[in-house]
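>
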Amino acid sequence: MSQETIGTINIAAREKLDNLVFVVNCNLQRLDGPVRGNGKIIQELEAVFRGSGFGVSLK
40 MSQETIGTIN IAAREKLDNL VFVVNCNLQR LDGPVRGNGK IIQELEAVFR
90 GSGFGVSLK
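Using this note's numbering, the letters of the sequence shown correspond one by one to residues 40 to 98.
1. Might you give, ordered along the chain, the residues of its own chain that have their beta carbon closer than 8 Å to the beta carbon of Val62, omitting 5 neighbours on each side?
2. With respect to the alpha helix (DSSP H) encompassing Asn49, which residues constitute its N-terminal and C-terminal limits?
3. Within the same chain, show all residues whose beta-carbon is closer than 7 Å to that of Ile48, passing over the 5 residues directly before and after it, in chain order.
4. Do Ile81 and Leu97 count as a contact pair if the criterion is CB distance below 9 Å?
5. Contact defined as beta carbons within less than 8 Å: I believe Glu85 pairs with Val95. What is the distance between those atoms, to the nearest angstrom?
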């Protein structure tokens, strides 16, 4: 997960945004390293969102 992604989530929490939509494209293609499974990526993002105080709804 990129630092930009984590930074964006932290800024949204700091600014007290209450309706945040985050679209994740898990096409399993990367140029900069090994690919992790979709479930792992989603779990990591969920943990970051929850850690920043957001409720998470996976659809």
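Idealized CB from N, CA, C, for every residue including glycine.
All figures in this text were calculated on a predicted structure; none of them were measured in a lab.
With the structure as the only source:
1. Counted from its first residue, the sequence shown places residue 62 at position 23. Nothing listed; no residue qualifies.
2. Taking the first residue of the sequence shown as 1, we reach residue 49 at position 10. Taken as a continuous stretch (DSSP letters only), the alpha helix (DSSP H) holding Asn49 covers 42–53.
3. Within the sequence shown, residue 48 is the residue found at index 9, counting from 1. By the criterion of a C-beta distance shorter than 7 Å, Ile48 is surrounded in its chain by Val87, Phe88, Ser91, once the five residues flanking it on both sides are discounted.
4. Counted from its first residue, the sequence shown places residue 97 at position 58. Counted from its first residue, the sequence shown places residue 81 at position 42. In contact: Leu97 and Ile81 (Cβ atoms closer than 9 Å).
5. Here residue 85 refers to the residue found at position 46 when the sequence shown is read from its first residue. Here residue 95 refers to the residue found at position 56 when the sequence shown is read from its first residue. Contact flag correct, Cβ pair sits at about 5 Å.
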